[in-house]
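In mature numbering (1 follows the signal peptide of the UniProt record, and there is no 0), the protein residues as written are -23 to -1, 1 to 222.
Even for Gly, the Cβ is constructed at its ideal location relative to N, Cα and C.
Quick caveat: nothing in here was measured; it's all calculated off a predicted structure.
To start, the structure under review is shown below, and the notes come after it.
See the structure below:
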């Protein structure tokens, strides 16, 4: 009976864990800068766990070099100065400068005479061409998918923020400092993951991990899992009663 119970328990646990990957620490030493070289200076720590961007210029990117999909990213980031108030953020589904998703975060609302209006808070966009104004999120090559704006939505000086970005083929969720910022469904493509700065200096990203799910193995829904467990326990009971006869 103990052997049967052990086998049943192992089966239940195996089904419950199916499809779950493990968190892998991202080594930033294998990443590289994308875009105009003069726009950024990305300095990686010797252990590869953090990177510091020190240039205040146009858009600059630091990307993984490998594609991801069905992956949960976690890590910390922030601005280590009181100077300036512009964009920090992330790219994913990156397939070059004209094909990627952009999550950017502005500290304060600002009107530029040459670039237009930048609004405090979060913007989620799809870039699909070269006609793009990243400051005001306008142009034929950019589509704004979602926004989270407000007077209290900007990032803070000298503060370390946490992010959880869950990116799959059919859904996307973004959580920052424990607050759900975006939750979308749709059709998303694989691509590189990376960091993004625009007109902002002294930005650090650190301690990022990637957890990739095994989508080839379906995970039972909670109700299905409960019914399966009950059925297995019932089977064990029948075997036990039969052995007593």
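Check residue i in the structure and name its three-state DSSP category.
i, result
"residue 135", "coil"
"residue 110", "strand"
"residue -16", "With a pLDDT of only 43 at residue -16, under the threshold of 50, the placement of this residue in the model should not be trusted; the figure read from the coordinates follows. Here residue -16 sits in helix by DSSP."
"residue 191", "coil"
"residue 41", "strand"
"residue 5", "helix"
"residue 196", "Its pLDDT being 46, under 50, residue 196 is placed unreliably in this model, and the value from its coordinates should be taken loosely. If DSSP states are grouped into helix, strand and coil, residue 196 belongs with coil."
"residue 15", "helix"
"residue 21", "strand"
"residue 59", "coil"
"residue 34", "coil"
"residue 222", "Low local confidence applies: a pLDDT of 49 at residue 222 is under 50, so the model's placement there is unreliable, and no value is given."
"residue 89", "strand"
"residue 120", "strand"
"residue 26", "coil"
"residue 76", "coil"
"residue 126", "strand"
From the DSSP output, read off the bridge partner residues of residue i.
i, result
"residue 142", "50 and 151"
"residue 82", "65 and 99"
"residue 177", "Looking at the DSSP assignment, residue 177 forms no beta bridge with any residue, so it has no partner."
"residue 156", "153"
"residue 163", "Partner(s): none; residue 163 has no beta bridge."
"residue 171", "40 and 68"
"residue 186", "2 and 51"
Closest by CA to residue i, which one among the options?
i, options, result
"residue 89", "65, 114, 29 and 107", "114"
"residue 157", "107, 140, 118 and 104", "140"
"residue 1", "21, 49 and 18", "49"
"residue 21", "4, 37, 12 and 33", "4"
"residue 17", "168, 135, 33 and 105", "33"
"residue 63", "150, 14 and 133", "133"
"residue 91", "112, 107, 151 and 80", "112"
"residue 144", "24, 68 and -2", "68"
"residue 103", "152, 23 and 75", "75"
"residue 120", "110, 126 and 171", "110"
Just confirm the distance between the C-beta atoms of residue i and residue j, as a whole number of angstroms; I'd bet it's less than 8 Å.
i, j, result
"residue 142", "residue 53", "No, residue 142 and residue 53 are not in contact; Cβ-Cβ is about 13 Å, not under 8 Å."
"residue 40", "residue 8", "6 Å"
"residue 122", "residue 94", "The Cβ separation is near 18 Å, so there is no contact."
"residue 70", "residue 77", "6 Å"
"residue 84", "residue 38", "With 8 Å as the limit, residue 84 and residue 38 do not qualify as a contact, their Cβ atoms being about 20 Å apart."
"residue 107", "residue 118", "6 Å"
"residue 173", "residue 15", "Incorrect: roughly 16 Å between the Cβ atoms, too far for contact."
At least three beta-carbon pairs within less than 8 Å, the segment 17 to 29 to the segment 169 to 182: Judged by pairs of C-beta atoms under 8 Å, the segment 17 to 29 touches the segment 169 to 182, as three or more such pairs exist.
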